[in-house]
Amino acid sequence: MEAMQMTVQKVLVTGGAGYIGSHACKALAKAGFVPVVFDNLSTGWAEAVKFGPLVVGDLLDQDAVRAAFAEHQPVAVMHFAALSLVGDSMKDPGRYWRVNVTGALNLIECALEADCKKIVFSSTCATYGDPDSLELTEDTPQAPINAYGKSKRAIEDILRDFSASHGLDHVIFRYFNVAGADPEGELGEQHDPETHLIPLLIAAALGRRAALTIYGTDYPTPDGTCVRDYVHVTDLVDAHIKGLRWLLDGRGNRAFNLGSGHGFSVREVIDAARLVSNGTVPVIEGARREGDATSLVSGSKRAQEELGWSAVRSTLPDMIGDAWKWHLGRGFNR
Ligand code: UDP
1 MEAMQMTVQK VLVTGGAGYI GSHACKALAK AGFVPVVFDN LSTGWAEAVK FGPLVVGDLL
61 DQDAVRAAFA EHQPVAVMHF AALSLVGDSM KDPGRYWRVN VTGALNLIEC ALEADCKKIV
121 FSSTCATYGD PDSLELTEDT PQAPINAYGK SKRAIEDILR DFSASHGLDH VIFRYFNVAG
181 ADPEGELGEQ HDPETHLIPL LIAAALGRRA ALTIYGTDYP TPDGTCVRDY VHVTDLVDAH
241 IKGLRWLLDG RGNRAFNLGS GHGFSVREVI DAARLVSNGT VPVIEGARRE GDATSLVSGS
301 KRAQEELGWS AVRSTLPDMI GDAWKWHLGR GFNR
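This note's numbering numbers the first residue of the sequence shown as 1 and each following residue consecutively.
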């Protein structure tokens, strides 16, 4: 009997050295794909690239992107690389528009040149703005209130345009607040400087920073602090594998929310962190952060019903507990 020729399918993962991208690479490798990371290492870590090759390059450099497609001939792209901080985006919108939108446009054009017509795109609940509804569905109007959310909505529009003109198939995932770390301890969230709530709480609990400042206590929520929907990074990347298979099966364009469906206030997250750390977490009440919405909670029915996805690890104790273990470890080195 002739030996079967197995062709390994490569997936180009932009931002694969970053927090979510590196977890996605691990999930891709487990699912039998080869993740080829394309990353400029501006915020990512070479050490986080453990599951396939690393191409160090910038999405603003179209020749570098073109060369990566020519060398690796991926069957699909997962596009994580982006600037993603709400507060920063309000201070320096030009950078957000340039890096996020021009970067995505370069990527899409190079993918099409290489006849790679499937892309899984990381969008955000920030595209919904500051909605009145308590639970957001994919049909909630997108009216972003910060430059980060606006840049992501623009990329969604670009995907839809190129889909109509060039047959680019896309799955858009609108993330809620991603948290936690690889339960096996291989990967985790490490930003420099750190701005996200859960890693900052852990740093405060470990005495690595003085205190956590709550950004606003006068929001119209039960305890006055912002409400967010936290989703475990391993649940999130599991959806990406399902989204990739959706595209490879030819099921076409779709947008999905990815959240747990449960909203927690900043004070509730602080209480959960105190339980996990079994100690004190010093907290200061501060002013609102520009660009923050009051409440963002996902309706994730569509992902459940159509992708067969569910958030199985997205409880606050699991997310904070997994992140806690990662932060106790040694972390990545530059
Ligand atoms: N937050 C806070 N103090 C901090 C960092 C964040 O009170 O030092 C709040 C922030 O206002 C938001 C929530 O925690 O309501 C989650 O913020 P994060 O920056 O983690 O994620 P984002 O929602 O901006 O994606």
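We treat Cβ as the ideally placed atom computed from N, Cα and C, and that holds for glycine.
Original post:
In terms of residue numbering, what span does the alpha helix (DSSP H) encompassing residue 151 cover?
Top reply: Mapped onto the sequence shown, residue 151 falls at position 151. Run containing residue 151: 147-166, per the alpha helix (DSSP H) assignment.
Subject >> Proximity to residue 167 [Cα-Cα], best of 119, 205, 139 and 201 >> reply: Against the sequence shown, residue 167 aligns to sequence position 167. Measuring from the Cα of residue 167, the nearest candidate turns out to be 119.
**OP:** Would you identify the three-state DSSP class for residue 314, choosing helix, strand or coil?
**Re:** Position 314 of the sequence shown, counted from the first residue, corresponds to residue 314. The answer is coil: DSSP assigns residue 314 none of H, G, I, E or B.
Subject >> Sub-8 Å separation of residue 74 and residue 125 beta-carbons >> reply: By 1-based counting over the sequence shown, the position of residue 74 is 74. By 1-based counting over the sequence shown, the position of residue 125 is 125. Not a contact, by the Cβ cut-off of 8 Å.
Original post:
Which of helix, strand or coil does DSSP assign to residue 60?
Top reply: Taking the first residue of the sequence shown as position 1, residue 60 is located at position 60. Residue state, collapsed to three classes: coil.
**OP:** Starting from residue 257, trace the beta strand (DSSP E) both ways and give me its first and last residue.
**Re:** The sequence position of residue 257 within the sequence shown is 257, counting from 1. Where residue 257 is concerned, the enclosing beta strand (DSSP E) stretches over 254-258.
Original post:
At what residue ranges does the stretch 205-277 contain a whole run of the beta strand (DSSP E), taking only runs of 3 or more?
Top reply: 212-215, 230-232 and 254-258
**OP:** Return yes when the Cβ of residue 255 is within less than 8 Å of the Cβ of residue 138, no when it is not.
**Re:** Stepping through the sequence shown from its first residue, residue 138 is reached at position 138. Stepping through the sequence shown from its first residue, residue 255 is reached at position 255. In contact: residue 138 and residue 255 (Cβ atoms closer than 8 Å).
Original post:
Would you say the beta carbon of residue 292 comes nearer than 7 Å to a heavy atom of the ligand UDP?
Top reply: Taking the sequence shown and counting its residues from 1, the one referred to as residue 292 is at position 292. Under cutoff, so the answer is yes.
Original post:
Which residue from 244, 7, 228 and 278 puts its Cα closest to that of residue 314?
Top reply: Residue 314 sits at position 314 when you count from the first residue of the sequence shown. The option with the nearest alpha carbon to residue 314 is 228.
**OP:** For residue 177, verify whether its CB is less than 7 Å away from any heavy atom of the ligand UDP.
**Re:** Mapped onto the sequence shown, residue 177 falls at position 177. The answer is yes for residue 177.
Original post:
Can the beta-carbon of residue 180 be found less than 8 Å from the beta-carbon of residue 88?
Top reply: Within the sequence shown, numbered from 1, the residue matching residue 180 stands at position 180. Within the sequence shown, numbered from 1, the residue matching residue 88 stands at position 88. Not in contact: residue 180 and residue 88 (Cβ atoms no closer than 8 Å).
Subject >> Cβ-based burial, residue 235 [other Cβ within 10 Å; buried from 16] >> reply: Position 235 of the sequence shown holds residue 235. So residue 235 ends up on the buried side.
**OP:** For the alpha helix (DSSP H) containing residue 96, list its first residue and its last residue.
**Re:** Sequence index remark: in the sequence shown, residue 96 carries index 96 (1-based). It spans 93-96 - the alpha helix (DSSP H) in which residue 96 sits, taken as one unbroken run.
Subject >> Pairwise C-alpha distance: residue 121 and residue 185 >> reply: In the sequence shown, counting from the first residue as 1, residue 185 sits at position 185. In the sequence shown, counting from the first residue as 1, residue 121 sits at position 121. Those two C-alpha atoms are separated by around 26 Å.
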